[in-house]
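311 is the number that UniProt numbering gives to position 311 of the sequence shown; each next residue is one higher, with no gaps. What follows is a single structure, written as structure tokens, with notes after it.
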Amino acid sequence: MVALGIVIDRKCNIRCGHCCFSSTPQAEEHLTDEQILRIVKEGCEAPAIDTISLSGGEALLRKPLVLEVLRVAKSYGKAATLVTNGFWGQNKKRAEETLFELKEAGLCALKISFDDFHQDLLKVEKVKNILDANLSVRVPIAINVAVSKNFSSDRILAALGESLMGVKVIKFPIQRVGAAEQYPEESIIRRHRIEDNLTCPGFEPTYHYDGKVYPCCSPTVFTTDLAFGKAEDLPVERAVSSIERNLLFAAIRQKGFKWLFERCIEERVLDVSYTERSYVDACEMCQILFSNPHTLKAVVSIVSSEYTSISK
């Protein structure tokens, strides 16, 4: 089964220095309510889609819309998830009311973005209030934690104390996209080599506030030329089918990036230094290959030739 991602807008109540979308309170890029509800309805009617995933920006700045999306998903028997920074956890009472409202509407899981990069803008007490309030509401919650070599977030996670008990913590390295492009190269955690033969961790159609449809929800993909349709007129079921039948996406899944990079070096699309460096993850490898139109065109040719020869 497949999740449908919807990045509803770029607006956020805060401006984080590592934000992959460079979100700000003044940002205006967004999908309209009408577009989002159409996409959600189409997703709910698509047999392959089992989950509707909402994010921003800060999605709960458009709380009435979020609640309506959750209700639609619930009416179709689909799961719905949400990413938030937890700005609404000013006190335990409000946190409990918001959690209850979200759960009643149909929310199945909540991810809170909280790390060293957020802490000066969103105090630990807000996240603590949400976690404590959730003892009575019981929405599955995970904490998304972006890390670098300089910022592990261990101290602020420890500050959550007993409130963190039973809560899943997901740590991931920051990517140099959006506002994080300013971070020095030496602060980025790169643990992977070409020899690891990473493959794409997953595909899900993602409708983005820039008006385009992408094959996954990784922040790096939105900097590439992998968009394959417009949000205003690409039906969700066709988006799912396009991803499933695309040879390029199949190669990323099945053959992996080691094969792709080695073939690109053989064809002199990339130089040999790419076999010698380290990478954040498969998403960074994807970004390197597909952010440049020339490289993308060459990779498409390589993949087409490979699959044509296999079929003969």
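Don't be surprised by glycine CBs; every beta carbon is placed ideally from N, CA and C.
Between the alpha carbons of residue i and residue j, how many angstroms are there, rounded?
i           : j           : result
residue 27  : residue 306 : 43 Å
residue 90  : residue 65  : 21 Å
residue 311 : residue 244 : Legend: pLDDT at residue 311 = 45, less than 50; position of this residue unreliable, value from coordinates given subsequently. Distance between the alpha carbons of residue 311 and residue 244: 18 Å.
residue 159 : residue 135 : 18 Å
residue 253 : residue 97  : 42 Å
residue 142 : residue 63  : 20 Å
residue 16  : residue 61  : 16 Å
residue 115 : residue 251 : 35 Å
residue 105 : residue 59  : 15 Å
residue 296 : residue 264 : 10 Å
Could you tell me how far apart the beta carbons of residue i and residue j are, in whole angstroms, since I believe they sit closer than 8 Å?
i           : j           : result
residue 9   : residue 31  : 7 Å
residue 231 : residue 39  : 7 Å
residue 70  : residue 102 : 7 Å
Is the Cβ-Cβ distance between residue i and residue j less than 8 Å?
i           : j           : result
residue 175 : residue 224 : no
residue 87  : residue 13  : yes
residue 20  : residue 178 : yes
residue 44  : residue 3   : no
residue 107 : residue 80  : yes
residue 168 : residue 132 : no
residue 313 : residue 113 : Residue 313 lies beyond the range of the chain shown here (1 to 312); nothing can be said about it.
Looking at the strands, I want to know which residues DSSP matches up with residue i.
i           : result
residue 275 : Its beta-bridge partners do not exist; DSSP assigns none.
residue 144 : 113, 170
residue 83  : 111
residue 230 : 212
Let me see if you follow: with CB-CB separation under 8 Å, is residue i close to chain B or not?
i           : result
residue 298 : In the structure shown, chain B does not exist; there is a single protein chain.
Between residue i and the rest of its own chain, which residues show a CB-CB distance below 7 Å, the 5 nearest in sequence each way excluded?
i           : result
residue 214 : 206, 208, 221, 222, 226, 227
residue 46  : 236, 237, 240
residue 300 : 248
residue 187 : 148, 149, 150
Under 7 Å: does the beta carbon of residue i sit that close to some heavy atom of the ligand ATP?
i           : result
residue 201 : With respect to the ligand ATP, the structure shown offers nothing to examine, as it has no ligands at all.
Residues in the same chain with beta-carbon distance under 6 Å from residue i, minus the five sequence neighbours each way, listed in chain order, please.
i           : result
residue 242 : 228
residue 5   : 53, 204, 206, 217
residue 275 : 194
residue 33  : 65
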